[in-house]
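Working notes, beginning with the structure itself.
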Amino acid sequence: MRLLVDGAWDKKSWEGAVAWCSVGAGGEVRNEGRREVFASSALMAEALAVWNALVWAFDKGWLSVEICSDCLILVQGFQKANRVHPLVRIIVPRTEVRAAHALAKDVNFKV
0 MRLLVDGAWD KKSWEGAVAW CSVGAGGEVR NEGRREVFAS SALMAEALAV WNALVWAFDK
60 GWLSVEICSD CLILVQGFQK ANRVHPLVRI IVPRTEVRAA HALAKDVNFK V
């Protein structure tokens, strides 16, 4: 299953939003989720987006997922730490996370 994730964050208030959606082979959105968060940085918001997407996916019984994130620093951190579960593959296709980005921006915070 392919999951698109994104986070949005407001530096002044520390308010943010995270969103994720599963997409089919043709790129159509199948399922989605979003949550308001408090984060101390944009990187933390992005990490919370990945965390929430994984919890959501595993709760649905999806044991093999591909996380698509546009946060290069986060992806590099996972790769360096070698902390990615073997069933999770994280990639950085900036153009492919538009649906999750729109969901994150749609949350009521002024992000």
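Here the sequence shown is numbered in numbering that gives the first Met the number 0, starting from 0 and rising by one per residue.
The C-beta atom is built at its ideal place from N, Cα and C for all residues, glycine as well.
Query raised in the report: For SER12, does the count of other Cβ atoms within 10 angstroms reach 16, so buried, or fall short, so exposed?
Result: Along the sequence shown, read from residue 1 onward, the residue named residue 12 stands at position 13. It counts as exposed.
Report task. Classify PHE37 as buried or exposed, calling it buried when 16 or more other Cβ atoms lie within 10 Å of its own Cβ. Result -> For the purposes of this step, residue 37 is taken as the residue at position 38 of the sequence shown. Burial call: exposed.
Query - Three-state secondary structure (DSSP) of ALA41 - result: Looking up residue 41 in the sequence shown gives position 42. Three-state DSSP puts ALA41 in a helix.
Query raised in the report: In this structure, what does DSSP give as the bridge partners for MET32?
Result: Sequence index remark: in the sequence shown, residue 32 carries index 33 (1-based). Position check: residue 32 holds Gly in this sequence, whereas Met was assumed. TRP19.
Query raised in the report: Which same chain residues, not among the five before or five after ALA48, have their C-beta less than 7 angstroms away from its C-beta?
Result: Taking the first residue of the sequence shown as 1, we reach residue 48 at position 49. Closer than 7 angstroms at the Cβ level, and outside the excluded window around ALA48, lie VAL4, ASP5, GLY6, VAL17, ALA18 and TRP19.
Query raised in the report: In the DSSP assignment, what residue or residues form a beta bridge with TRP8?
Result: As a working mapping, residue 8 is identified with position 9 in the sequence shown. BP columns for TRP8 point to GLY15.
Query - Three-way DSSP call (helix, strand, coil) for TRP61 in this model - result: For the purposes of this step, residue 61 is taken as residue 62 along the sequence shown, with counting starting at 1. Residue state, collapsed to three classes: coil.
Requested in this report: Please say whether SER68 and GLU45 have beta carbons closer to each other than 8 angstroms?
Outcome: Sequence index remark: in the sequence shown, residue 45 carries index 46 (1-based). Sequence index remark: in the sequence shown, residue 68 carries index 69 (1-based). Closer than 8 angstroms, so yes.
Query raised in the report: If you drop the 5 nearest sequence neighbours on each side, which residues of the same chain put their C-beta closer than 6 angstroms to that of ARG29?
Result: Residue mapping note: residue 29 aligns to position 30 of the sequence shown, counting from 1. Contacts found: SER21 and GLY23.
Query raised in the report: Run through DSSP, which three-state label would ALA46 get?
Result: Counted from its first residue, the sequence shown places residue 46 at position 47. Here ALA46 sits in helix by DSSP.
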